[in-house]
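Throughout, my numbering is defined as the position within the sequence shown, counted from one, plus 870. A virtual CB, placed ideally from N, CA and C, is assigned to each residue, including glycine. One structure is given here, and the rest of the page talks about it.
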Amino acid sequence: MGKLVWAQQFGRARVAIIHEGGGWWPLERALADIPPDLARAAGVPVNERAQLWIDFNLVHVSLPGASLLLDTGFGEVDPRDPARPLVSVQGIQLSDGRDAALAALGIQPADITHVLITHLHGDHIAGATRLIGGRRLPAFPNARYYATAREWESAPEFHQRADVIAAQKEALQAAGVIELVTEEREIVPGVQLIPAPGESPGHAIVRIDTGADIVYYLGDLFHQPAEFAHLDWIPRFRDRETLVAVRQHLVPRFAAEDAWLIPAHHAFPAIGKVRTAASGYLWEPLEEPPEHRRTGGH
Ligand SMILES: [Zn+2]
871 MGKLVWAQQF GRARVAIIHE GGGWWPLERA LADIPPDLAR AAGVPVNERA QLWIDFNLVH
931 VSLPGASLLL DTGFGEVDPR DPARPLVSVQ GIQLSDGRDA ALAALGIQPA DITHVLITHL
991 HGDHIAGATR LIGGRRLPAF PNARYYATAR EWESAPEFHQ RADVIAAQKE ALQAAGVIEL
1051 VTEEREIVPG VQLIPAPGES PGHAIVRIDT GADIVYYLGD LFHQPAEFAH LDWIPRFRDR
1111 ETLVAVRQHL VPRFAAEDAW LIPAHHAFPA IGKVRTAASG YLWEPLEEPP EHRRTGGH
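Written as structure tokens, this is what we have:
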């Protein structure tokens, strides 16, 4: 599957982006009401079957005294096909996975101190727990978990695997490790969970003040670069009015802060900045030295 993890030091934070896999997504769901030709003209790589490839990424942040995981990924794999997640998203193929990437970074599950969950869609929450001896327990036994209260109350949404998501909620609640936030909140010094709804009712993003650069993990505020130029291009089953308003509010802030942005589903390593152009905004991916480029492919 190619490279599994990308890491770089920003100020006092080591930010690692973990590639969990990728898959084909029908355009009609990825960009509601945008015809293939219009999407292609905007640079969206739509194939002849009107699908586009998206990657699945999550983030680990090391700070002095804290080890934070931002989203949990897919979690369990299909026992009949370990390359596929149990949350059976059609066409998804997994990499060697989150835990292998963490191990490559020198991190064991017990080292994680905080798990911040942007939203309770399967690809972000299903890895929150694991089955141990027939019991469903937090996958990170020493961590506090955080999500917004709004998201917790709203999940699972109708288009999500209710059984999988409900099982995560139950197990985290039973273990007493989940903390629900109702407004912007500093989780550890310099790291804030910021409500940014629309993708889901209580979706949130994470802002990291590294002491040098500002880094944001955006979860699913965006799914692909063309959405920065078209803030009203959004997936199906989302709250359009809310999501567009939230983007219009946040993107100027990202630009003003010259912040590094990490959207969960951009092509790995999924990090870049937003630039202000005459026509609006543009996504500008991080320029990587050749030795960091992902090898292999889909
Ligand atoms: Zn997602």
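| query | result |
| --- | --- |
| What residues come near ligand 1, if near means a beta carbon less than 5 Å from any of its heavy atoms? | Asp993, Asp1090 |
| Could you check where the beta strand (DSSP E) with phenylalanine 1124 kicks off and where it finishes? | Run containing phenylalanine 1124: none in the beta strand (DSSP E); it sits in the alpha helix (DSSP H), 1110–1126. |
| Would you tell me roughly how many angstroms separate the C-alpha atoms of leucine 964 and glutamine 1030, rounded to the nearest one? | 19 Å |
| Using 8 Å as the threshold, is the segment 1012–1024 in touch with the segment 1062–1072, meaning 3 or more CB pairs across them? | yes |
| What runs of the alpha helix (DSSP H), each 4 residues or longer, lie entirely inside the segment 1022–1058? | 1032–1045 |
| Going by CA-CA distance only, name the one from Ala1099, Ala1013, Gly1089 that's closest to alanine 936. | Ala1013 |
| Can you grab the Cα-Cα spacing for the pair leucine 922 / isoleucine 962, in whole Å? | 12 Å |
| Within 10 angstroms of the Cβ of glutamate 1158, are there 16 or more other Cβ atoms? Answer buried if so, exposed if not. | exposed |
| Given 8 Å as the limit, is there contact between the segment 898–917 and the segment 1045–1058, that is, 3 or more CB pairs closer than that? | no |
| Is alanine 1129 near phenylalanine 880, with beta carbons less than 8 Å apart? | no |
| Roughly how many angstroms separate the alpha carbons of alanine 1115 and glycine 1004, rounded to a whole number? | 44 Å |
| With a cut-off of 8 Å on the beta carbons, I'd call tyrosine 1151 and alanine 1099 a contact; round off their distance for me. | 6 Å |
| Just checking my contact of histidine 1135 with aspartate 1090 at CB under 8 Å: how many whole Å lie between their CB atoms? | 7 Å |
| Would you kindly work out how many angstroms separate the C-alpha atoms of alanine 911 and proline 952, rounded to a whole number? | 37 Å |
| Take tryptophan 894 as the anchor and find which of Val929, Gly967, Ala1045, His1093 has the nearest alpha-carbon. | His1093 |
| Using the three-state DSSP reduction, which class does phenylalanine 1010 fall into: helix, strand or coil? | coil |
| Within the chosen definition, does the segment 1028–1046 reach the segment 1060–1069 through at least 3 CB pairs nearer than 8 Å? | no |
| From the DSSP output, in three-state form, read off leucine 972 for me. | helix |
| Just mark alanine 998 as buried or exposed, buried being the case when its beta carbon has 16 or more other beta carbons within 10 Å. | buried |
| Are the CB atoms of leucine 1088 and alanine 971 within a distance shorter than 8 Å? | no |
| If threonine 1080 and alanine 883 are in contact, beta carbons under 8 Å, what's the gap, nearest whole angstrom? | 4 Å |
| Can you give the Cα-Cα distance for glycine 976 and leucine 939, rounded to whole angstroms? | 14 Å |
| Compute the Euclidean distance between the alpha carbons of phenylalanine 848 and leucine 1156, then round it to the nearest angstrom. | Any question about residue 848 goes unanswered here, given that the chain covers just 871 to 1168. |
| DSSP three-state call for glycine 881: helix, strand or coil? | coil |
| Take alanine 920 and list the residues in its own chain whose beta-carbon comes closer than 8 Å to its own, dropping the five residues that flank it on each side. | Pro896, Leu897, Glu898, Pro906 |
| From the DSSP output, in three-state form, read off proline 1095 for me. | coil |
| Would you mind sorting serine 1149 into buried or exposed? The rule is 16 or more other CB atoms within 10 Å of its CB. | exposed |
| For histidine 1168, which residues of its own chain have a beta-carbon under 7 Å away from its beta-carbon, when the five flanking residues on both sides are left out? | Annotation note: pLDDT 37 at histidine 1168 (below 50); position unreliable, no value reported. |
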